[in-house]
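Trainee: Got a structure for you, questions after.
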Amino acid sequence: MFEARRAKLIQLLGENNLDAAVLVPGPNMYYFTGLQLKQSERLNLAILTKSGELIFLVPQVELSKTESIADSNKIFWYTDEQGPSQALAQAKTALGTLSRIGVEYNQMRVMEAKAAEALGAAQTADVCPIIDTLRMQKDAQEVELMKKAVAIVEESLQATLPYIKPGVVELEIAAQLEYEMRKRGSGGTPFGTIVASGYRGALPHGRAADKKIESGDLIVLDFGSTYGGYVADICRTVAVGEIADELKTIYEVVREAQQAAVDVIKPGITAREVDETARRIIRERGYGQYFTHRTGHGIGLSGHEAPYMMQNSQVVLKPGMSFTVEPGIYLPDKGGVRIEDNIVITEDGFLNLMSYTKELITL
Numbered sequence: 030m031f032e033a034r035r036a037k038l039i040q041l042l043g044e045n046n047l048d049a050a051v052l053v054p055g056p057n058m059y060y061f062t063g064l065q066l067k068q069s070e071r072l073n074l075a076i077l078t079k080s081g082e083l084i085f086l087v088p089q090v091e092l093s094k095t096e097s098i099a100d101s102n103k104i105f106w107y108t109d110e111q112g113p114s115q116a117l118a119q120a121k122t123a124l125g126t127l128s129r130i131g132v133e134y135n136q137m138r139v140m141e142a143k144a145a146e147a148l149g150a151a152q153t154a155d156v157c158p159i160i161d162t163l164r165m166q167k168d169a170q171e172v173e174l175m176k177k178a179v180a181i182v183e184e185s186l187q188a189t190l191p192y193i194k195p196g197v198v199e200l201e202i203a204a205q206l207e208y209e210m211r212k213r214g215s216g217g218t219p220f221g222t223i224v225a226s227g228y229r230g231a232l233p234h235g236r237a238a239d240k241k242i243e244s245g246d247l248i249v250l251d252f253g254s255t256y257g258g259y260v261a262d263i264c265r266t267v268a269v270g271e272i273a274d275e276l277k278t279i280y281e282v283v284r285e286a287q288q289a290a291v292d293v294i295k296p297g298i299t300a301r302e303v304d305e306t307a308r309r310i311i312r313e314r315g316y317g318q319y320f321t322h323r324t325g326h327g328i329g330l331s332g333h334e335a336p337y338m339m340q341n342s343q344v345v346l347k348p349g350m351s352f353t354v355e356p357g358i359y360l361p362d363k364g365g366v367r368i369e370d371n372i373v374i375t376e377d378g379f380l381n382l383m384s385y386t387k388e389l390i391t392l
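Residue 30 is where the sequence shown starts when you use my numbering, and the numbers rise one by one after that.
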C-alpha cells in the first residue's frame with residue numbers, strides 16, 4: 030500500500046521538476062511511509078527522491094520504529110546529546126546534488142524548514158498541492174477506517190446525552206464525550222472538543238468552557254475521533270428544555286440547508302455548488318449574514334484537508350473524495366446551530382457515513 034502511494038508521488042515529483050519531497054511527522058509522512066510520529070522538540074524527516082530512494086533522519090528513540098520500514102543504510106539517526114547536525118550532513122551526502130525540493134508549507138516549523146534548507150537544494154517549493162491530489166481520493170480501506178471512526182462518535186454522542194442537563198458544566202460534557210470515545214477505541218481527538226451552550230453557541234469554534242448548562246439553551250456539540258489514523262467529525266445541536274421560537278426557526282433552516290446540500294452531491298459537480306446550495310437557503314430565509322464559514326472541509330488522516338466546500342472553489346468532486354457538510358447560523362448573544370455529516374463520493378452519487386438523527390433532540 031505505502032509503496033504504491035510512493036510510486037504515485039514519485040511520478041508527480043518528476044512531472045513537477047522536483048528532486049525530492051521532504052516530509053515531517055504528521056499525516057503525509059504516515060500516508061507515504063506508514064511511520065506514525067508526532068512533532069516534538071526532536072527533528073524527524075522522511076525524504077523521498079524522484080529516483081525512489083526513501084531516506085529518514087530520526088532521533089535514536091525513534092530508530093526501532095523506522096528500522097521496521099526502511100533499510101538501515103537509509104536511516105540517519107542521532108542521540109539527544111549529539112543533536113541532528115551530523116546526521117543531517119550524512120543525509121545530505123547520501124542525497125547528492127538537489128536542485129529543487131518540495132516541502133510541506135502548511136506543516137513545517139522553522140527548525141524543520143531550516144533542516145530542509147541544509148540539504149543543499151537551490152530552491153524549495155510547496156509540495157502540499159501535489160500531495161493533496163493523491164490524498165483527496167480515498168480507497169476502500171481508508172473508507173472502512175473512517176466508518177469505524179464514525180461509529181465511535183455516533184455511539185459516544187448517544188451515550189453522553191443523558192449527562193446533559195441544567196447545572197452541568199460544558200467542560201464536564203466534553204470530558205464525557207472524550208471518555209466515551211476512548212472506551213470505544215478512539216486514538217484521540219483531532220481537534221479541541223466543542224461544547225457551546227446558550228449565547229456561546231454563536232461562537233462557531235466555541236471550545237468547551239466553564240459555563241453551566243441552563244434550561245432553554247441550544248448546545249452545539251462538535252467533536253471528533255480517530256481510528257487507524259482516520260478522522261470522523263460530527264456536529265449535532267441539541268436543546269435543553271423549551272427553547273425560544275427564533276432558535277427553533279434557525280434550527281429548521283440549518284437542517285433544511287444541510288440536507289439540501291447533501292442531496293445535490295454527486296460526481297462532477299463543484300465544491301462551490303455544494304456550498305451555494307446550503308448558503309442560498311440560509312440567505313433566502315434572512316440569515317445569510319449569520320453563516321460565517323465554509324460549508325465543509327475534507328476529512329481523512331487530518332481533521333481539515335482538501336477538498337473544501339466553499340464559495341470560490343472550482344474543485345470537481347470525484348469518487349473517493351471525502352468531506353463534511355456543516356452549514357450553520359450564529360446569532361450573537363442568543364445562540365447557534367450547526368449540523369454536520371461526513372460524506373464520501375461514490376461512482377454514481379455519495380455515501381453518507383453518518384446515520385445519527387438530524388431532528389432536534391430536546392433533553
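Ideal Cβ positions, reconstructed from N, Cα and C, are used throughout, including at glycine.
(1) Determine the burial state of residue 287: buried for a count of at least 16 other Cβ atoms within 10 Å of its Cβ, exposed for fewer.
(2) By Cβ distance below 8 Å, which residues in the same chain neighbour residue 450 in space, the five residues on each side in sequence not counted?
(3) Checking 7 Å against the spacing of the C-beta atoms, do residue 355 and residue 264 come in under that value?
(4) Quick check: what's the CA-CA separation for residue 318 versus residue 312?
(5) One question on the structure: do residue 49 and residue 156 come within less than 7 Å of each other, judged by their Cβ atoms?
(6) Given a cut-off of 7 Å on the beta-carbon distance, is the pair residue 185 and residue 210 in contact?
(7) Based on the DSSP secondary-structure assignment, which residues constitute the bridge partners of residue 223?
(8) Measure how close the beta-carbons of residue 230 and residue 248 come, nearest whole angstrom, since I'm counting them as under 8 Å.
(9) Determine the DSSP secondary structure at residue 75, reduced to helix, strand or coil.
(10) Please go through the region 290 to 363 and give each complete beta strand (DSSP E) segment of 3 or more residues, from N-terminal end onward.
(11) Please check the pair residue 74 and residue 86, which I expect to be a contact at CB under 8 Å, by giving their CB distance rounded to whole angstroms.
(12) Return the CA-CA distance between residue 297 and residue 103, expressed in angstroms with no decimal places.
(13) Given that a residue counts as buried once 16 or more other Cβ atoms are within 10 Å of its Cβ, and exposed if not, what is residue 137?
(14) Straight-line CA distance for residue 68 to residue 62?
(15) In chain order, what are the residue ranges of uninterrupted alpha helix (DSSP H) at least 4 long that sit wholly in the region 128 to 203?
(16) Pull up the distance between the alpha-carbon of residue 214 and that of residue 173, whole angstroms please.
(17) Counting Cβ pairs closer than 8 Å, one from the region 354 to 370 and one from the region 276 to 283, do we hit at least three?
(18) Using only alpha-carbon positions, find the residue among 171, 208 and 84 that is nearest to residue 188.
(19) By alpha-carbon positions, which one of 316, 299 and 348 ends up nearest to residue 325?
(20) Put residue 230 into one of helix, strand or coil per three-state DSSP.
(21) Does residue 369 come out as helix, strand or coil in the three-state DSSP assignment?
(22) List, from N- to C-terminal side, the beta strand (DSSP E) runs of 3 residues or more that fit wholly inside the region 37 to 66.
(23) On a Cα-Cα basis, can you pick out the residue from 147, 268 and 163 that is closest to residue 191?
(24) How big is the Cα-Cα spacing for residue 57 and residue 336?
(25) Could you please give the first and the last residue of the uninterrupted alpha helix (DSSP H) stretch that includes residue 118?
(26) When the distance is taken between beta carbons, is residue 128 closer than 7 Å to residue 151?
(27) How is residue 265 classed by DSSP in three states: helix, strand or coil?
(28) Can you tell me which of the three DSSP states residue 86 falls into?
Mentor: Let me spell this out:
(1) buried
(2) Not covered by the structure: residue 450. The range shown for the chain is 30 to 392.
(3) yes
(4) 8 Å
(5) no
(6) yes
(7) 236 and 251
(8) The C-beta separation of residue 230 from residue 248 comes to about 7 Å, placing the pair in contact by the 8 Å criterion.
(9) It is a strand residue.
(10) 325 to 327, 334 to 338, 351 to 354 and 357 to 360
(11) Right, the Cβ-Cβ distance comes to about 4 Å (below 8 Å), so this counts as a contact.
(12) About 43 Å.
(13) buried
(14) 16 Å
(15) You should have 139 to 146, 157 to 164 and 169 to 189.
(16) 15 Å
(17) yes
(18) 208
(19) Comparing Cα positions, the closest option is 299.
(20) helix
(21) strand
(22) Listed in chain order, the complete beta strand (DSSP E) runs (minimum 3 residues) inside the region 37 to 66 are 49 to 52.
(23) 268
(24) Spanning the two alpha carbons is a distance of roughly 16 Å.
(25) 114 to 124
(26) yes
(27) The answer is strand: DSSP assigns residue 265 an E or B state.
(28) It is a strand residue.
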